[in-house]
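Using the numbering used here, you'd call the opening residue of the first sequence number -18 and step up by one each time. The beta-carbon is built from N, C-alpha and C at its ideal position, and this holds for glycine as well. These notes are about the structure you will find just below.
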Amino acid sequence: MMASSGGGSDLDKAYEPREVEERWYAFWENEGVFRATDDSADTRPCYVVPLPPPNVTGSLHMGHAMMATLEDVLVRFERMRGKNTLWQPGIDHAGIATQTVVERQLAREGKTRHDLGREAFVERVWQWKAESGGQIMRQMRVLGASPDWTRTKFTMDPDMSAAVIEAFVRLYEEGLIYRASRLINWCPECRTALSDLEVESDEGQSGELFEFAYQVDGSNEEIVVATTRPETMLGDTAVAVHPEDVRYTHLHGKMLVHPFASRKVPIITDAILVDPKFGTGAVKVTPAHDFNDFATGKRHDLAEINIFNLDGTVNAEGGPFEGLDRKRARAAVKKALDELGLVRGTKPHTLTLPRCQRSGGVVEPMISTQWFCKMKGMADAAIRAASDGRTQIVPESWGKTYNHFLESIQDWCISRQLWWGHQIPAWHGPNGEIKVARTRPPECGEGWSQDPDVLDTWFSSALWPFSTLGWPCETRGAAALKKFYPASDLETGYDILFFWVARMMMFGIHFMKEVPFRRVLLHGMVVDETGEKMSKVKGNVIDPLDLVYGAKPKAIAEHASPNMPEHEALTKFKRSYPSIAADIEKGIGFPAYGTDAVRFTLATYPPSNKRIALAPKRIEGYRHFANKIWNAARLCLGHIALVDRAELTGQAPSVKGFYNQWILAELGKSIAIAKGGLSEFRIDEAANEAYRFFWNEFCDWYLEITKPILRAQQQQESGAGAPASTPEAAEVRLTMAHVLETSLRLLHPLMPFITEELWQRIPKPYSRQSSIAFGPFPSAADGVGDERVTGEMAVIKAVVGAARTIRSEHEVEPKADVPLSFRTGSDVARGLLAEHLPAIALLSRGKGLGIDNIGGAREAGTAVSVVPTPHGSIEILVGLKGLVTKDKEISRVEREIKRIEKELIILNKKMAKKDFLERAPKEVIDESIARRAQLAGARARLEEAKQLASEL
RNA sequence: GGGCGGGUAGCUCAGCGGUAGAGCGCCGGCCUUACAAGCCGGAUGUCGCAGGUUCAAACCCUGUCCCGCCUACCA
-18 MMASSGGGSD LDKAYEPREV EERWYAFWEN EGVFRATDDS ADTRPCYVVP LPPPNVTGSL
42 HMGHAMMATL EDVLVRFERM RGKNTLWQPG IDHAGIATQT VVERQLAREG KTRHDLGREA
102 FVERVWQWKA ESGGQIMRQM RVLGASPDWT RTKFTMDPDM SAAVIEAFVR LYEEGLIYRA
162 SRLINWCPEC RTALSDLEVE SDEGQSGELF EFAYQVDGSN EEIVVATTRP ETMLGDTAVA
222 VHPEDVRYTH LHGKMLVHPF ASRKVPIITD AILVDPKFGT GAVKVTPAHD FNDFATGKRH
282 DLAEINIFNL DGTVNAEGGP FEGLDRKRAR AAVKKALDEL GLVRGTKPHT LTLPRCQRSG
342 GVVEPMISTQ WFCKMKGMAD AAIRAASDGR TQIVPESWGK TYNHFLESIQ DWCISRQLWW
402 GHQIPAWHGP NGEIKVARTR PPECGEGWSQ DPDVLDTWFS SALWPFSTLG WPCETRGAAA
462 LKKFYPASDL ETGYDILFFW VARMMMFGIH FMKEVPFRRV LLHGMVVDET GEKMSKVKGN
522 VIDPLDLVYG AKPKAIAEHA SPNMPEHEAL TKFKRSYPSI AADIEKGIGF PAYGTDAVRF
582 TLATYPPSNK RIALAPKRIE GYRHFANKIW NAARLCLGHI ALVDRAELTG QAPSVKGFYN
642 QWILAELGKS IAIAKGGLSE FRIDEAANEA YRFFWNEFCD WYLEITKPIL RAQQQQESGA
702 GAPASTPEAA EVRLTMAHVL ETSLRLLHPL MPFITEELWQ RIPKPYSRQS SIAFGPFPSA
762 ADGVGDERVT GEMAVIKAVV GAARTIRSEH EVEPKADVPL SFRTGSDVAR GLLAEHLPAI
822 ALLSRGKGLG IDNIGGAREA GTAVSVVPTP HGSIEILVGL KGLVTKDKEI SRVEREIKRI
882 EKELIILNKK MAKKDFLERA PKEVIDESIA RRAQLAGARA RLEEAKQLAS EL
């Protein structure tokens, strides 16, 4: 360990996150920092955020990291503000996903779930859950997330399951849940029904429009239909034409011969289904396998012939095609039609395939008996709650999408043909009776069996904001439910606005008679640097823990594209993240950025961005920031260790020194901005402001400008031995201690680890608690100051900047002190300069010589720069005689002149072309004029610089 | 088809009516005892394109072209 020599602190020279992070996370958990209390005696206001429960099968991805960061920032902010803060964690049982994982595991053992039987299979899933489920909760700790872990829930916990059963039964009793046979989305791969939301459309697939003829019964006429799914003709029970389509008027009411079935198919007229301009104007109608056709069938009372088994193969209705899967059946039907001479051609056609969100299999519309939940009434209530502001949606623009979804909502198919999930509390009797009850009714004995289906995973998620708090149990959960419902904020990615947020709104209002949360905060999707969605297929997945702990290219490749050769995976990866391609090639991969840097980076993207393109290189900048904080604290510690804690009141000290007043004023402004950002879900604004304040004001100006005040003090101490201290230095130390402590508190929600580590080491008011996480968050009282001070400081900064620029442009030796003098016509400015001459001289490495009125002669060898101020302009004169090594200004201006001359030559050539002149001469002439003016200006500057150089 | 978002410096992004900004990268100079993961200075943009409103537009309006996402039953 390298102790710093100057500061006298025992901090390492650079910040090393890993050890610090593990230590403080353990501390927080031991201290109970994250705990919320439902004690009714606690009168603090509450702040409640339900954690979107990740899937039990999941492991951390960037989306989780984003969510965890944003929510943790909010939660820590409010906790520091003294609120009784509950961030409710949990895990979702994820019906289909989890069942698939375990079934796959069984498949490797050569077994299916049917070999085990339902009970043993479910047991097996529980076993899997115990061993490898919920890894994500451990990973979230690495990110510094601060939910109340003691309240963690799993959607299949007994109490959670009881809530699900209760909700189902109540809705059934209210007539809002019903059982019906209708066309639903069926995934032949998962062998279960799906809700509309679980079906994704795969657009732009190239397919064909296949045309074939039906013979008119008892005539040699035919009618040609077009279809993208020829195999479904096995289930055709009508052909529809538009009633006003004159091509087919004479066929109305006629029957057609089905080429493979004994039945006759009627020609019907339907203005809703048929667009006479599309295809042949005649549509084959398959009510059992198409949503439009189903509706048409209902209108015309057509037979619904299901031609598929549950696994997607053709059933007995398919006659000779029985047993073929859909793809083969299609080819076979086409071939058979061809043999009968009924094919009338094909046309290329792009189509949209419905796919199962989980398996990716093509979804088949099937007629099936399922449980449904009526949505209309609940949806209306949810719309009203958002539009009257009981729940505020942020950003507002999502309100439209939310409304549109709810306005056009269909009844929700809630039953799934799975074994893993909440089994539906309904019992079927021997004669088709159905009883719904919380527990098996005693009268349902012999011959009765429970409905084998389970509920859609999202059914239990929809109850999350109250089921986690003990609903419906009146005794055990009453206190928590009373205290923590409704939640304050529901923060999540917009991708589950429909799946989850809207459904929580509906169920929350229905069961609790009050909205489940006051605000819905939606953030965008984390995508790769080029804007592409992260996926293993694209090979652009980043494991957040790799960013935190660092990762070599090999590990990066494995996480980005599992099971792909490393080289290939890295090639893909570099394409997705150009900013770090070089680091990958060099074998560096990701350095260990540390949690705070990763969090801070994520926090600097406006959450409202729909796409959040992660540039890993950007994290590096914020890792440097962490290091900056670390080192600033090292410097400060050397001085503020002398501060008596009793002097720290927890409020901004009242100070006389200008620079102290100024930094306190800046601090106050930054606190206000940061607070505003955190309150309005503009966390990026808070992060940027805190960054700017700490680095660009506190470090770059305050710490530099106060050094001499403190340094003089130190010398005196070491020399005389007596701890004499000037009042000025004491005031600086006090201010510095306050600003540092307040800055750490300001940054804590964003960078919890480094701030805790440093905060524990610095002097602070006695009133502070055991952890920075307890706050308080900085308030207006922490930063006071007025515009006058900041305005004056702005002048000082500008003057120093001008002097520095002159030094740099004329390449003055870095160590040399330059003579500085000023001229101004303003008394105010003159006063200001006189007062701050030492600071200006210090920061511009100059000797402040004096302040003159404008009019005095300029000495030879002096460069001038004019700074405008609100009080009139100031001329800064820098004596350069004998100090200039080589003059950059001259060569710079010379280069500029050459460039402009070149451009002029090109322009002249253009103007010389006659045809061009006739077409569009104006722009060229204008440009030429502008360039000539530039040239003249540059030449004048060159003269000036040369003049100056000659004087030196 | 409908809806939403985006196109600003080489890259990732702020700004959304009043003299173009940040980080990273780039150029030049500094190992100045907090920090080279740093300090100081600098360059870089017809703010997607075309119209319009305005004293003033990256910002408002209209049209248009790209890109992305969501949503819809066109066989």
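(message) Considering only their Cβ atoms, is the gap separating Leu157 from Lys357 smaller than 7 Å?
(response) no
(request) Sort out for me which residues DSSP pairs Glu154 with in a bridge. (result) DSSP output for Glu154 lists no bridge partner at all.
(request) Alpha carbon to alpha carbon, how far is Ala538 from Arg920? Give it in angstroms, no decimals. (result) 56 Å
(request) Reducing DSSP to helix, strand and coil, say where Phe934 ends up. (result) In the structure as shown, the chain starts at -18 and stops at 933, and residue 934 therefore has no counterpart that could be examined.
(message) So the candidates are Glu202, Val295, Tyr383; which of them puts its Cα closest to the Cα of Ala366?
(response) Tyr383
(request) Please confirm whether Ala671 and Asp763 have their CB atoms less than 7 Å apart. (result) no
(request) Determine the contact status of Val344 and Asn590, defining contact as a CB-CB distance below 7 Å. (result) no
(request) Please work out which residues of its chain come closer than 6 Å, Cβ to Cβ, to Pro(-2), disregarding the five sequence neighbours upstream and downstream, and give them in chain order. (result) Gly575
(request) Output yes or no for whether 7 Å exceeds the beta carbon distance between Val507 and Val482. (result) Contact flag unset, no.
(message) Using 8 Å as the cut-off, can you tell me whether the region 546 to 553 makes contact with the region 74 to 86, which would need three or more C-beta pairs spanning the two stretches below that distance?
(response) The region 546 to 553, when compared against the region 74 to 86, does not touch it at the 8 Å Cβ threshold.
(request) Return the chain-ordered list of same chain residues with a C-beta closer than 7 Å to the C-beta of Gly39, the five sequence neighbours on each side being excluded. (result) Cβ within range, chain order: Ile117.
(request) Have a look at Ile477, Gly649, Trp452 and flag the residue whose alpha-carbon is nearest the alpha-carbon of Phe492. (result) The option with the nearest alpha carbon to Phe492 is Trp452.
(request) Take the Cβ of Thr511 as the centre, count every other Cβ of all protein chains shown within 10 Å, and call the residue buried at 16 or more, exposed below. (result) exposed
(message) Going by the DSSP bridge assignment, what does Asp306 pair with across the sheet?
(response) Paired residues: Thr294.
(message) In chain order, what are the residue ranges of uninterrupted alpha helix (DSSP H) at least 4 long that sit wholly in the region 532 to 612?
(response) 534 to 541, 547 to 557, 562 to 566, 576 to 584
(request) Please name the residue or residues paired with Thr131 in a DSSP beta bridge. (result) Answer is none; Thr131 lacks a bridge partner.
(request) Would you mind reading off the limits of the beta strand (DSSP E) that contains Trp352? (result) 345 to 354
(request) Identify every residue that forms a DSSP beta bridge with Gln86. (result) According to DSSP, which records beta bridges pairwise, Gln86 is partnered with nothing at all.
(request) State the DSSP-derived secondary structure class of Leu436, mapped to helix, strand or coil. (result) strand
(request) Return the chain-ordered list of same chain residues with a C-beta closer than 7 Å to the C-beta of Ala822, the five sequence neighbours on each side being excluded. (result) For Ala822, where only same-chain residues beyond five positions count, the Cβ hits under 7 Å are Leu801, Lys828, Gly829.
(request) State the Cα-Cα distance for the pair Asp808 and Gly853, rounded to the nearest angstrom. (result) 9 Å
(message) Tell me which residues share the same chain as Lys894 and place their Cβ nearer than 6 Å to its Cβ, disregarding the 5 neighbours each side in the sequence.
(response) Any reading at Lys894 is ruled out, since the residue's pLDDT is 46, under 50, leaving its predicted position unreliable.
(request) May I ask you to list the residues that DSSP assigns as paired with His330? (result) Gly188
(message) Going by beta-carbon coordinates alone, are Tyr466 and Leu444 separated by less than 7 Å?
(response) no
(request) Measure the Cβ-Cβ separation of Ala844 and Ile777 and say whether it is below 7 Å. (result) no
(message) Going by beta-carbon coordinates alone, are Val30 and Val56 separated by less than 7 Å?
(response) yes
(request) Express the C-alpha separation of Arg580 and Asp564 in angstroms, rounding to a whole number. (result) 21 Å
(request) In angstroms with no decimal places, state the Cα-to-Cα distance between Val770 and Arg714. (result) 19 Å
(request) Run through the region 689 to 770 for me and flag every whole alpha helix (DSSP H) of 4 or more residues, listed as ranges in chain order. (result) 708 to 728, 733 to 740
(request) Would you mind sorting Asp369 into buried or exposed? The rule is 16 or more other CB atoms within 10 Å of its CB. (result) exposed
(request) Give the single residue among Gly657, Val197, Asp577, Arg749 whose Cα lies nearest to the Cα of Gly602. (result) Taking only the C-alpha atoms, the option nearest Gly602 is Asp577.
(message) With H, G and I counted as helix, E and B as strand and the rest as coil, what does DSSP make of Arg160?
(response) strand
(message) Quick check on the burial criterion: 16 or more other C-beta atoms within 10 angstroms. Buried or exposed for Glu773?
(response) buried
(request) Return the bridge partner residues of Ile248 from the DSSP annotation. (result) BP columns for Ile248 point to Val220.
(message) Which residues does DSSP list as the beta-bridge partners of Asn641?
(response) The partner list for Asn641 (beta bridge, DSSP) is empty, contrary to what the question assumes.
(request) Take Glu184 and list the residues in its own chain whose beta-carbon comes closer than 7 Å to its own, dropping the five residues that flank it on each side. (result) Closer than 7 Å at Cβ, skipping near neighbours: Thr333.
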